[in-house]
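Heads up: the sequence shown at position 111 corresponds to 112 in the numbering used here, and the numbers run straight through without jumps.
All C-beta atoms in this analysis are idealised placements derived from N, C-alpha and C, irrespective of residue type, glycine included.
Every value quoted in this text rests on a predicted model; they were computed, and no experiment measured them.
What follows is one structure encoded as structure tokens, with my remarks underneath.
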Amino acid sequence: MHREIIPLFPLSIVVFPSHLVPLHIFEVRYKKMITDCRGDDGHYQAFGISYENDGEVAGVGCAVTVVRRAEAKADGSFDIVCRAKSRYRIVELFEDEAYLRGRVEFFDDDEDDETDPALQELVKTRFRSLADLAAQEAGAKIVDVEGVEEEMGRGLEEGESWDIAQRTGIEVARKQRLLEMTSENARLQNLAEYLEELLPVLEARLLRKTRVKTNGHTPEA
């Protein structure tokens, strides 16, 4: 597996491959890091975003590349947008610069992991139910249901469980576990179980709200 030394940006977030990541850069050390990543041709080298919790940096993170940088504000801070790329495992950490660096080993999913279509469909169905419940709770309708489902279905067909995970609002620790998995089926199974636990909770909450609005009576269908 390919190894290299890259700058690391410990944050309280987990980044999934292919996703866009907006960041506000204001600390001196990270302003230097972004500047150091910029090549003479204007393109940026990758740096890693690693989940940090209570001072502990997770062993698996995701490399990102700056795709857009805004002009600096009066205080010297600036906004960037990054595109997440490959996942990595940290092999060794270096604290010899103003910012953290790491020797990392990039990795992908297991080559022999063939995605289970039935599991894909199960997650898709449960996610659709989640979206419907969320819309009911907000008292709104999903404007472009077909567009949402088309985008969601395309993601699943391409083996991208990351999109569903990002949309479900799962807690950051669970996101980290998903990031570390090397099997699309394992991620889908994890999401299926999470949605199975979440749906009854949302249904019960929606029912309580409905009863409050109708003075304790459940409306007829």
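Where DSSP assigns a beta bridge to residue i, which residues make up the other side?
i, result
"Ser162", "According to DSSP, which records beta bridges pairwise, Ser162 is partnered with nothing at all."
"Thr66", "Arg84"
"Tyr31", "Per DSSP, none; premise fails for Tyr31."
"Asn54", "Glu57"
"Phe17", "DSSP lists no partner for Phe17."
"Gly49", "Leu9 and Ala64"
"Phe128", "Partner(s): none; Phe128 has no beta bridge."
"Glu93", "Arg104"
Thinking residue i and residue j are a contact (beta carbons under 8 Å), I'd like their distance in whole angstroms, please.
i, j, result
"Ile6", "Gly49", "Rounded, the Cβ-Cβ distance is 10 Å, inconsistent with contact."
"Ala71", "Ala47", "No, Ala71 and Ala47 are not in contact; Cβ-Cβ is about 20 Å, not under 8 Å."
"Val124", "Ala73", "Incorrect: roughly 42 Å between the Cβ atoms, too far for contact."
"Leu131", "Leu199", "7 Å"
Residues in the same chain with beta-carbon distance under 8 Å from residue i, minus the five sequence neighbours each way, listed in chain order, please.
i, result
"Val144", "Low local confidence applies: a pLDDT of 37 at Val144 is under 50, so the model's placement there is unreliable, with the coordinate-based value given in what follows. Once the five neighbours on either side are set aside, Val144 has no close Cβ partner at all."
"Glu138", "Leu203, Arg206, Leu207 and Lys210"
"His3", "Glu106 and Phe107"
"Ser13", "Tyr52, Glu53, Asn54 and Val173"
Excluding five sequence neighbours on each side, which residues of the same chain lie with their C-beta closer than 7 Å to the C-beta of residue i?
i, result
"Ile171", "Tyr195"
"Gln167", "Phe17 and His20"
"Gly160", "Residue placement at Gly160 cannot be trusted, given a pLDDT of 45 that sits under 50; the coordinates are not used to answer."
"Asp114", "Ser184, Glu185 and Asn186"
"Val15", "Tyr52, Val173, Lys176, Gln177 and Leu180"
What does a CB cutoff of less than 6 Å around residue i pick up in its chain, not counting 5 residues either side in sequence?
i, result
"Ser51", "Leu9, Pro11, Val58, Ala59 and Gly62"
"Tyr45", "Cys38, Arg39, Thr66 and Val67"
"Arg188", "Ser162, Leu179 and Met182"
"Phe27", "Ser78"
Starting from residue i, trace the beta strand (DSSP E) in both directions and tell me its first and last residue.
i, result
"Arg4", "Arg4 to Leu12"
"Arg39", "It is not in any beta strand (DSSP E) - Arg39 carries neither H nor E in the DSSP assignment."
"Gly103", "Arg102 to Phe108"
"Val281", "Past the boundaries of the shown model lies residue 281; the chain is included only from 2 to 222, so the question cannot be answered."
Could you spell out where the alpha helix (DSSP H) holding residue i opens and where it closes?
i, result
"Leu179", "Val173 to Glu181"
Flag residue i as yes when its Cβ comes closer than 7 Å to any non-hydrogen atom of the ligand ATP, and as no otherwise.
i, result
"Asn191", "As presented, the structure is devoid of all ligands, the ligand ATP included, so that no description of it is given."
Quiz item: Does the count of Cβ pairs from the region 99-114 and the region 75-85 closer than 8 Å reach three?
Solution: Remark: fewer than three beta-carbon pairs, one from each stretch, lie closer than 8 Å, so the region 99-114 and the region 75-85 are not flagged as touching.
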